Amino acid sequence: MHRLIHSARLGAVAVSLSGALLLAACGSDDDDNGVGPETDAQIALGFQVARGAQSAGDVGVTAGAAGTTIGRGTDTIVVTSAELVLRDVRLHGEGTSCLANDSTLTAGCATIRLRPMILDLPVNGTDGNRVTVTTPRGTFSSVRLNLHKPIAGDSIDAAFRLANPTFADISVRLEGTYNGEAFEYTTDVSEVITVPLTAAVSGGDDLQQVTVLVDIGKWFWGAEGGLLSPIAAGDPGTVADAVNANVRTSFKAFRDQNRDGTPD
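Right, dumping it as structure tokens:
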């Protein structure tokens, strides 16, 4: 099962799904869903794990019931669970600038989610459930994601940390095996990541599907060959720095009407 945990209240609501992501995208200005004036365009957003030729470099990535398997040289990583903390997820139009913490929908700027949430990626290779968000009519050229470490001094993060104490001060958690040895990898990397769409998507009369690929295989690509150890990456040092740098550049977004994980 894949889940998204909302943190809009102290006792978080856990929503279990058999897919990628659920983002609340309608309501009043008093909630945290990023809702503004009524409009008449819709875009559906979903997340998948990159696999096969979708993955960068010479890393082999397959996904199935056992999880996502990453192979390079003699090294093998099997990821059985992948969770990311995201905050402030938006669609951007080319040349537009969305105001920080702005929950309105304006031309060229559609706020999907402001507050922290846990994204549970479907490591079995499925597309899963998507969220359909109301957007202004217009053309969008990128998805902006804040890969986020919830911190103690932030009032919005405080409720999330209370509801999800195991995600305090971390932005990513992976579980699986590295060459047969079990691991739990976490990192506190925080980054506002603008992911260009391979081609602009226009909100209009027809529902537009957008997929964000997360290339987990790229995370552990090592310059010296083989895979970087997720066990070693859990401790400060050069391996952790290399994995964090790879994480920051591992996202790709595109129009995907048939939701097959490849650009249309």
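For the sequence shown, the residue numbers in mature numbering (1 follows the signal peptide of the UniProt record, and there is no 0) are -24 to -1, 1 to 240. For every residue, glycine included, the Cβ atom is placed at its ideal position computed from N, Cα and C. In this text, all values refer to a predicted model and were calculated from it rather than measured experimentally.
Return yes when the Cβ of Gly104 is within less than 8 Å of the Cβ of Pro112, no when it is not.
-> no
For the region 135 to 153 and the region 60 to 69, state whether three or more C-beta atom pairs, one from each stretch, are separated by less than 8 Å.
-> yes
To the nearest angstrom, how far is it from the Cα of Gly3 to the Cα of Asn155?
-> In this prediction, Gly3 scores a pLDDT of 32, lower than 50, which makes its location untrustworthy; no coordinate-derived value is stated.
Can you give me the Cβ contacts of Ile169 inside the same chain, cut-off strictly under 8 Å, excluding the 5 residues immediately before and after it?
-> Arg120, Leu121, Asn122, Leu123, Arg224, Phe227
Would you call the CB atoms of Phe23 and Val188 closer than 8 Å?
-> yes
Pairwise C-alpha distance: Ser118 and Ala229 | 8 Å
If we count Cβ pairs, one from each stretch, closer than 8 Å, do we get three or more for the region 174 to 189 versus the region 87 to 96?
-> no
Given a threshold of 16 other Cβ atoms within 10 Å of its Cβ, counted over all protein chains shown, does Gln184 qualify as buried or as exposed?
-> buried
Take the Cβ of Ala41 as the centre, count every other Cβ of all protein chains shown within 10 Å, and call the residue buried at 16 or more, exposed below.
-> exposed
Around the C-beta of Leu(-4), are 16 or more other C-beta atoms found within 10 angstroms, so that it is buried, or is it exposed?
-> Only weak support exists for where Leu(-4) lies, its pLDDT of 39 falling under 50; the coordinates are left without a value.
From which residue to which residue does the alpha helix (DSSP H) around Thr214 run?
-> 214 to 224
Might you give, ordered along the chain, the residues of its own chain that have their beta carbon closer than 7 Å to the beta carbon of Gly201, omitting 5 neighbours on each side?
-> Gly49
Segments assigned beta strand (DSSP E), at least 3 residues, entirely inside the region 94 to 171 | 107 to 111, 114 to 123, 148 to 154, 157 to 163
Nonlocal neighbours in the same chain, by C-beta distance under 6 Å from Glu70, ignoring five residues either side | Ser117
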